[in-house]
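The next block holds one structure in the form of structure tokens; read it before the comments.
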Amino acid sequence: MTLKQLRAFVAVARTLSFVDAGTLVHLSQPALSLAVKNLEESLGGRLFQRSTRQVSLTPEGRAFFPLARRLLSDWEHAEDEMRQRFSLGRGRVALAAMPTFAGNALPSVLTAFRQQFPEITIEVNDVIAEEVVERVTDGRVELGISFDPGVREDLIFELLFEDRYVAIIPPGHALLELNPQSIDWAQLLKEDFITLQRPSGVRHMLEQRLAEAGLGLAVAFETHQLVTCGRMVAEGLGVSAVPAMSAAQMAALGCHCLCLEGPVIHQKVGVIRRRRHELSVAVQAMLDTLRARYPNASHSSV
-17 MTLKQLRAFV AVARTLSFVD AGTLVHLSQP ALSLAVKNLE ESLGGRLFQR
33 STRQVSLTPE GRAFFPLARR LLSDWEHAED EMRQRFSLGR GRVALAAMPT
83 FAGNALPSVL TAFRQQFPEI TIEVNDVIAE EVVERVTDGR VELGISFDPG
133 VREDLIFELL FEDRYVAIIP PGHALLELNP QSIDWAQLLK EDFITLQRPS
183 GVRHMLEQRL AEAGLGLAVA FETHQLVTCG RMVAEGLGVS AVPAMSAAQM
233 AALGCHCLCL EGPVIHQKVG VIRRRRHELS VAVQAMLDTL RARYPNASHS
283 SV
């Protein structure tokens, strides 16, 4: 069966007139008759009874009529669905983002995207940085936002920005009297330190960078989430170091944020996607929105 044959059959079945049906589907009467004849041959029997005065459906034609209408409806729906998706009038974006980004920087990105593409459904998986990489790698999401995973044959990393680590101090702590603007690591590490549990990439990176500076990381409290670190610091249990993009969130919890020096620790934050896999139109639009939000980033890939 062809689409042309189905449309010809449905038009004749509705009007019971080859003349009127030809007008509906914009076919000459010979072309319409040929389309119906070819359909009947492909199905193996007659769909219409014809006389000089009347056209009527055979029993098989009556049985086929609702099936043909449904086939045409499904075809038209499929056409409309794909046009909507390619024109961003419909679609879905599934992305993964580490909680620090998801809870602080991502909402403004989603607002800008939603204003431009209000019909696109968005699913945000806020998971730890390592899980972001895993979900992109195994194809559960097309796009991830996390720290630089390092050189990978199967992934592309596009830098959005470099985030600096800052110290968070409990309110009223003596360290705030020494310098209310900045602190060095040696001073910070004299206090009870709160950080993420292993095998967190953040924990590993901090230990490595501090070891290179000749400093050891003695941990008093461990947790899985930075927001829990912030709550514990606000309660006076100790101090911590967090990415600067979470500074506003930490301040809202009651922590004081100070610049951290000696050494200054940066970490690259960017978009992760699979190499050699084309993004859907909707996800590509999300990537473009992220790039527009961070226009000064060099979108280099590794």
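Oh and the sequence shown: position 241 is 223 in the numbering used here, straight run, nothing missing.
Just so you know, even glycine gets a beta-carbon here, dropped at the ideal spot from N, CA and C.
Every value quoted in this text rests on a predicted model; they were computed, and no experiment measured them.
By Cβ distance, which residues of its chain are closer than 7 Å to residue i, with the 5 residues on each side in sequence left out?
i	result
Ser24	Met(-17)
Ala(-5)	Leu39, Gly43 and Phe47
Ser15	Phe0
Gly183	Ala111, Glu112 and Phe129
Closest to residue i by C-alpha separation, out of the options, would be which residue?
i	options	result
Arg122	Val106, Gly132, Val133 and Gln11	Val106
Val253	Val115, Asn161, Trp57 and Gln36	Val115
His155	Gly196, His59 and Ala216	Ala216
His259	Pro225, Gly26, Gln207 and Glu135	Glu135
Met227	Arg256, Glu144, Cys237 and Ala193	Glu144
Gln(-13)	Thr(-3), Met187 and Val7	Val7
Arg52	Ala193, Val251 and Leu(-15)	Leu(-15)
Cys241	Val265, Phe203 and Asn161	Asn161
Met232	Met214, Pro245 and Val246	Met214
Asp108	Thr93, Asn86 and Glu101	Asn86
Ala202	Val133, Pro225, Val(-8) and Leu219	Leu219
Leu261	Phe30, Val75 and Glu63	Val75
Ala234	Val133, Val118, Asp120 and Ile150	Ile150
Val263	Ala13, Gln31, Met64 and Phe(-9)	Met64
Ala96	Val118, Leu188, Thr119 and Arg72	Reading off the sequence, residue 96 comes out as Arg, not Ala. When each option's Cα is compared against that of Arg96, the closest is Arg72.
Check whether the Cβ atoms of residue i and residue j sit closer than 8 Å, and answer yes or no.
i	j	result
Ala267	Leu21	no
Ser222	Ile165	no
Gly236	Pro153	yes
Leu188	Gln169	no
Arg245	Ala195	Note that residue 245 corresponds to Pro in the displayed sequence, not to Arg. Yes; because the gap between Cβ atoms is below 8 Å, this pair is in contact.
By Cβ distance, which residues of its chain are closer than 8 Å to residue i, with the 5 residues on each side in sequence left out?
i	result
Gln11	Phe0, Val1 and Gly4
Ser283	Low confidence applies here, because Ser283 scores a pLDDT of 42, under 50, leaving its location unreliable; read the following figure in that light. Excluding positions up to five away in sequence, the list reads Ile138, Phe139 and Glu140.
Ala94	Thr271, Ala274 and Arg275
Count the other C-beta atoms from every protein chain shown that fall within 10 angstroms of the C-beta of residue i, then say buried if there are 16 or more, exposed otherwise.
i	result
Thr103	exposed
Ala274	exposed
Glu58	exposed
Gly126	buried
Leu29	buried
Pro131	buried
His238	buried
Can you give, in chain order, each stretch of the alpha helix (DSSP H) that sits fully within the stretch 37 to 97 and has at least 4 residues? Listed in chain order, the complete alpha helix (DSSP H) runs (minimum 4 residues) inside the stretch 37 to 97 are 41 to 68 and 81 to 84.
Any beta strand (DSSP E) of 3 or more consecutive residues that is wholly inside the stretch 119 to 150: Runs of the beta strand (DSSP E) inside the stretch 119 to 150: 125 to 129.
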